[in-house]
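Structure record follows, encoded as structure tokens.
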Ligand code: HPA
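In our numbering, the protein residues as written are 320 to 575.
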């Protein structure tokens, strides 16, 4: 069963035919909200809004460990992470959808591993390819089947937030090879890896990154909401197609 983690602009999944909600207690504390169970196109799916139902949990305050643990505990076999981002690469325009293939992590102070209990063996997971190839392929295939244009591949810079970046920070991220910037991709991706859960992201470009394009003189939040709302309609269609496709009935393997 696929689990969808929704970000800004996707706090509910309207095409999920809800069967029940469950408040999950985890060894790591409270997840962002009750996990919603249901069906999309007749196939079981789960949904969790990363920032809570009232969009009140800031990126650095999200309990990523509890969120991933809760979804895994309830039988998730893969995670589709939806998140809005800023576009650094010059061809990435607001409203576009990107499926990234790499991550650079600039976050700090977040609980980013399950392997830290005293007396447990030191464990190093492989993270060469942070995103699951098969799950990414299925996103791309679903978008293509619907004629929805998406950009495939890109380096996601995970930044601490909740503030936006300075123009110089964006220049630095670009020099490091980043194409897009968001605040929630880490440690979500690595925790999924530690649990053996295939993980892929659908990123929506909400704005040009600080100092770039229409954000040359600042990021104007008024324009973001409209862009996100329209783009999330396309994201929901992709998810519906992906979850409902026959492929989804096959168990998914790990990419590592
Ligand atoms: N930076 C970081 N996170 C974001 C941005 C941004 O410009 N836009 C949406 N999420």
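Here a beta-carbon is modelled for each residue, glycine too, at the ideal position from N, C-alpha and C.
Residues sharing a beta bridge with residue i, DSSP
i, result
"residue 499", "406 and 475"
"residue 556", "Its beta-bridge partners do not exist; DSSP assigns none."
"residue 400", "324 and 520"
"residue 417", "470 and 522"
"residue 357", "337 and 364"
"residue 279", "The chain is shown from 320 up to 575; residue 279 falls before or after that span and cannot be answered."
"residue 345", "348"
"residue 527", "406"
Limits of the alpha helix (DSSP H) - the one that residue i falls within
i, result
"residue 515", "Run containing residue 515: none; DSSP gives neither H nor E here."
"residue 489", "486-494"
"residue 460", "452-465"
"residue 388", "383-392"
Where residue i falls, given that 16 or more other Cβ within 10 Å makes a residue buried
i, result
"residue 561", "buried"
"residue 573", "A caution first: residue 573 carries a pLDDT of 35, below 50, which makes its placement in the model unreliable, though a value can still be read off. Under this definition residue 573 is an exposed residue."
"residue 370", "buried"
"residue 541", "exposed"
"residue 570", "With a pLDDT of 44 at residue 570, under the threshold of 50, the modelled position of that residue is not reliable, and no figure is offered here."
"residue 346", "exposed"
"residue 492", "buried"
"residue 424", "buried"
Span of the beta strand (DSSP E), counted from its first residue to its last, around residue i
i, result
"residue 340", "336-341"
Among the options, nearest to residue i - alpha-carbon criterion
i, options, result
"residue 426", "347, 448, 491 and 501", "501"
"residue 477", "458, 507 and 448", "507"
"residue 517", "351, 378 and 396", "396"
"residue 398", "349, 531 and 390", "390"
CB contact check: residue i to chain C, cutoff 9 Å
i, result
"residue 484", "Here chain C cannot be found, since the structure has a single protein chain."
> Taking contact to mean at least 3 C-beta pairs separated by less than 8 Å, is the stretch 433-451 in contact with the stretch 505-525?
Replying inline: yes
> For the stretch 517-527 against the stretch 535-555, are there 3 or more C-beta pairs whose distance is under 8 Å?
Replying inline: Counting Cβ pairs under 8 Å, three or more are found: they touch.
> Are at least three pairs of beta-carbons, each pair with one atom in the stretch 414-423 and one in the stretch 465-482, less than 8 Å apart?
Replying inline: yes
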